[in-house]
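Written out below as structure tokens is the structure these notes cover.
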Amino acid sequence: MRPPGSLPAPPYPWAGQRPETPQETTTRLRPVPSRHHPFRVAAAVACVVLGLGLIGGAATGSWLTGDSAADPAARDTFATARGLWHNVPVDTLFPRTLAGNGAGPGGADREWTRIGVAPDGGCAGTLDPLLLGTLRPVGCVRVLRATYVDATSSSVTTVGLVFTQADTLAMDTLRTRFRDEGLGERADLMPRTFPVKGTVAGGFGDAQRASWTVNVLTEAPVVVFAVSGFADGRKVAAPQPVDKAMAKGATTAPAQSGLGHEAKGIADRIERALRKTVSARTAATQ
Numbered sequence: 001m002r003p004p005g006s007l008p009a010p011p012y013p014w015a016g017q018r019p020e021t022p023q024e025t026t027t028r029l030r031p032v033p034s035r036h037h038p039f040r041v042a043a044a045v046a047c048v049v050l051g052l053g054l055i056g057g058a059a060t061g062s063w064l065t066g067d068s069a070a071d072p073a074a075r076d077t078f079a080t081a082r083g084l085w086h087n088v089p090v091d092t093l094f095p096r097t098l099a100g101n102g103a104g105p106g107g108a109d110r111e112w113t114r115i116g117v118a119p120d121g122g123c124a125g126t127l128d129p130l131l132l133g134t135l136r137p138v139g140c141v142r143v144l145r146a147t148y149v150d151a152t153s154s155s156v157t158t159v160g161l162v163f164t165q166a167d168t169l170a171m172d173t174l175r176t177r178f179r180d181e182g183l184g185e186r187a188d189l190m191p192r193t194f195p196v197k198g199t200v201a202g203g204f205g206d207a208q209r210a211s212w213t214v215n216v217l218t219e220a221p222v223v224v225f226a227v228s229g230f231a232d233g234r235k236v237a238a239p240q241p242v243d244k245a246m247a248k249g250a251t252t253a254p255a256q257s258g259l260g261h262e263a264k265g266i267a268d269r270i271e272r273a274l275r276k277t278v279s280a281r282t283a284a285t286q
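In my numbering, the protein residues as written are 1 to 286.
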């Protein structure tokens, strides 16, 4: 029996399985009498033209929709991104400092300093079981996390990168599900924190989570998340996803403290750094 509030396993393909590519089929031509019939000739020409049009249209459709089976560049990008968790310096994925120009409430500038990086870990011991189950269709491989503090030492934020086995189809399917089902706004799918002993984030646990974001990328097999809270360790009774915490006129504690902006601002910059690294490394291998 599924526990209350749990999600049913979605019927999506596992990451290691690429979508089947339609195979072209041909029919062996049969000999025809030597005499010519104008109507038969016209019909044959029409069939050839129609067949070529369908084949061309199918190929064009594959290119336009970004089907990974028809897009070698997408496969190269995914292959490059999939290995980043173990072959790039930690400072590349999680810079020591982050500049948040215009990232605060009202367009205020922010600056964050990294205070701890968690050892790369498996998914089962790092992600909440319900969130892990939701990500199961893309085959979670590894989770990297770091925690940052703002310049005033009033807020702390854990940001994470979940590396998956997925291809473009699986990542696009998961992103669509998050959007259509509002999974990014469910508090029971909120990411866990990474408390750093001996720092202002030493008491940053589940009860201190105030605002969060989860973003499923479609151009890389990675899910980016961030979760923020108060640096003084106070508990938050009603955490909010960043969209609600950043909404105009919001009066909750996470909103008035700018914790939605903290989570989104840091997640956005880590995501940009990831994209930049993937692009540079993919270009270098071509």
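From the three backbone atoms N, C-alpha and C, an ideal C-beta is built for every residue, glycine too. All of these numbers come straight from a predicted model, not from anything done at the bench.
Residue i in three-state terms, based on DSSP
{"i": "Val-242", "result": "helix"}
{"i": "Leu-259", "result": "helix"}
{"i": "Val-196", "result": "coil"}
{"i": "Phe-230", "result": "strand"}
{"i": "Ala-44", "result": "Confidence at Ala-44 is low in this model, with a pLDDT of 45, below 50, so the placement of that residue is unreliable and no value is reported for it."}
{"i": "Gly-139", "result": "coil"}
{"i": "Thr-113", "result": "strand"}
{"i": "Thr-277", "result": "helix"}
Residue i versus residue j - alpha carbon distance
{"i": "Arg-272", "j": "Arg-234", "result": "31 Å"}
{"i": "Val-162", "j": "Ile-266", "result": "16 Å"}
{"i": "Thr-252", "j": "Ala-146", "result": "26 Å"}
{"i": "Thr-97", "j": "Cys-123", "result": "26 Å"}
{"i": "Val-138", "j": "Pro-239", "result": "27 Å"}
{"i": "Asp-109", "j": "Ala-231", "result": "19 Å"}
{"i": "Asp-206", "j": "Ser-155", "result": "15 Å"}
{"i": "Phe-178", "j": "Thr-80", "result": "25 Å"}
{"i": "Thr-176", "j": "Glu-185", "result": "14 Å"}
{"i": "Ile-55", "j": "Pro-72", "result": "Residue placement at Ile-55 is flagged as unreliable, the pLDDT there being 36, under the threshold of 50; a coordinate-derived value is accordingly withheld."}
{"i": "Trp-85", "j": "Cys-140", "result": "12 Å"}
{"i": "Ser-228", "j": "Leu-127", "result": "16 Å"}
{"i": "Leu-169", "j": "Thr-152", "result": "42 Å"}
{"i": "Val-222", "j": "Ala-280", "result": "17 Å"}
{"i": "Gly-107", "j": "Asp-243", "result": "16 Å"}
{"i": "Arg-209", "j": "Pro-195", "result": "11 Å"}
{"i": "Arg-28", "j": "Leu-183", "result": "Confidence in Arg-28 is poor, its pLDDT being 30 and thus under 50, which makes the residue's placement unreliable; the coordinate value appears in the next sentence. Roughly 52 Å separates the two Cα atoms."}
Same chain only: Cβ atoms within 6 Å of residue i, ignoring 5 sequence neighbours per side
{"i": "Val-90", "result": "Val-117"}
{"i": "Ile-270", "result": "Val-159"}
{"i": "Arg-2", "result": "The pLDDT assigned to Arg-2 is 41, lower than 50, so where the model puts this residue is not dependable; a value taken from the coordinates is nonetheless given after this. Closer than 6 Å at Cβ, skipping near neighbours: no residue."}
Exposed unless 16 or more other CB atoms sit within 10 angstroms - verdict on residue i
{"i": "Lys-264", "result": "buried"}
{"i": "Thr-164", "result": "buried"}
{"i": "Gln-256", "result": "exposed"}
{"i": "Pro-241", "result": "buried"}
{"i": "Thr-213", "result": "buried"}
{"i": "Gln-286", "result": "exposed"}
{"i": "Asp-180", "result": "exposed"}
{"i": "Gly-125", "result": "exposed"}
Whole-number beta carbon distance between residue j and residue i, since they are thought to touch under 8 Å
{"i": "Tyr-148", "j": "Thr-113", "result": "6 Å"}
{"i": "Glu-262", "j": "Asp-150", "result": "6 Å"}
{"i": "Phe-225", "j": "Pro-254", "result": "16 Å between Cβ atoms; not a contact."}
{"i": "Gly-160", "j": "Ser-211", "result": "Going by Cβ atoms, the distance from Gly-160 to Ser-211 rounds to 15 Å, so no, they are not a contact pair."}
{"i": "Val-216", "j": "Leu-174", "result": "5 Å"}
Contact set for residue i: own chain, Cβ-Cβ below 8 Å, skip 5 residues either direction
{"i": "Lys-276", "result": "none"}
{"i": "Asp-120", "result": "Trp-85, His-86, Arg-142, Val-143 and Leu-144"}
Own chain partners of residue i with C-beta closer than 7 Å, once the 5 adjacent residues on each side are dropped
{"i": "Thr-77", "result": "Glu-219, Ala-220, Val-278 and Thr-282"}
{"i": "Thr-199", "result": "Ile-115 and Gly-116"}
{"i": "Gly-258", "result": "Gly-104 and Pro-105"}
{"i": "Leu-99", "result": "Residue 99 is actually Ala in this sequence, not Leu. So the list reads Glu-111, once near-sequence residues are dropped."}
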